[in-house]
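Worksheet for the structure shown next.
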Amino acid sequence: MEISTIVGIILGLVALIGGMILKGAPVTALINNPAAYVIILVGTAASLFVAFPMSEMKRLPKLFKVLFVPNKMLSKTEIITMFTEWASITRREGLLALESKVEEINDDFLRSGMRMIIDGNDQEFVSDVLAEDIAATEERHRAGALIFSQAGMYAPTLGVLGAVVGLIAALADMTDMEKLSHAIAAAFIATLLGIFTGYVLWHPISNKLKRMSKREMEIRLMMVEGLLSIQSGVSTIAIQQKLSVFLTPAERAKLQDKEADSGEQKE
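UniProt numbering numbers the first residue of the sequence shown as 1 and each following residue consecutively.
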């Protein structure tokens, strides 16, 4: 579960509702104005359908799911530990000894790469295939993030449209000034919703998808380096040093502590 997404949405609502209360604005105006929701939410959806092909729009449910339940991936330290073990097996018994490990791999990308090196494909071929896979995945992720980025651009402008529609309705009857003042105030709820959804939901969601994609691509590049290193027959120390460049200083220290503890237990 991606807790930060839930925390962010809750804090955004607290900021909006709390701010309205502190300013003395009626919170009920948010509830008693269904027209604003229709203009902003339906209008934003309409803009997206016009802007993007159906093949990309069909991915929206999956994208929303990823925001709350991200795809499970191996951590960088787990990958280093795993490749170190595989490098040790390869140096002792050869690449074919890893065939029994293939079915244990849950990651499709890693499993595909492992099969290619076991089948004896040359390094350039393996590197090219995996690089193209990474590029295609990155492009799909970019397209998904762009949908929300565009929604963040459309929603505030639609808020202005909603305010104009509300003002037209309010100014159509100016006989009752008290009623008119309430109608004008309600007209700006659409603007409020447009700005809120655009800058508290859609743009941040786009940014989060980009960050998730960046992390996944780093993991995949790490896997490629590990696979090519195993194919080259490098030592366990060399493969560990090579993959450690993907770690932050804190992660490196944690890995070293883990290895030290493991070494003490073996003694």
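Heads up, the beta-carbon is just placed ideally off N, CA and C, and yes, glycines get one too.
A Cβ-Cβ separation of about 5 angstroms places A36 in contact with G162 under the 8 angstroms criterion. Rounded to whole angstroms, the separation of the alpha carbons of T236 and S88 is 6 angstroms.
Sequence-distant partners of T175 (beyond 5 residues in either direction) whose C-beta falls short of 7 angstroms from its own C-beta are missing from its chain. Around the C-beta of T248, fewer than 16 other C-beta atoms lie within 10 Å, and the residue is accordingly described as exposed. Put simply, of V200, E78, I230 the residue whose alpha carbon is nearest the alpha carbon of I9 is V200. With a cutoff of 8 angstroms on beta-carbon distance, I134 and L221 are scored as near each other. Closest by C-alpha distance to I80, out of E225, K58, S232, G233, is E225.
In the three-state reduction of the DSSP assignment, R111 falls in the helix class, which pools H, G and I.
C-alpha of V66 to C-alpha of K76: approximately 20 angstroms in a straight line. Counting other Cβ atoms within 10 Å of its Cβ, N33 reaches 16 or more and is therefore classed as buried. Between the alpha carbons of K210 and L63 lies a distance of about 12 angstroms. Contact check for L41 against I147 fails: the beta carbons are separated by 8 angstroms or more.
With a 10 Å radius around the Cβ and a threshold of 16 neighbouring Cβ atoms, V126 comes out buried. Remark: C-beta atoms of G194 and G152 do not approach each other more closely than 8 angstroms. The beta carbon of V69 is closer than 8 angstroms to those of M1, E2 in its chain, skipping five residues each way along the sequence. Taking C-beta atoms under 8 angstroms as the contact rule, I230 and I117 qualify, at a distance of about 7 angstroms.
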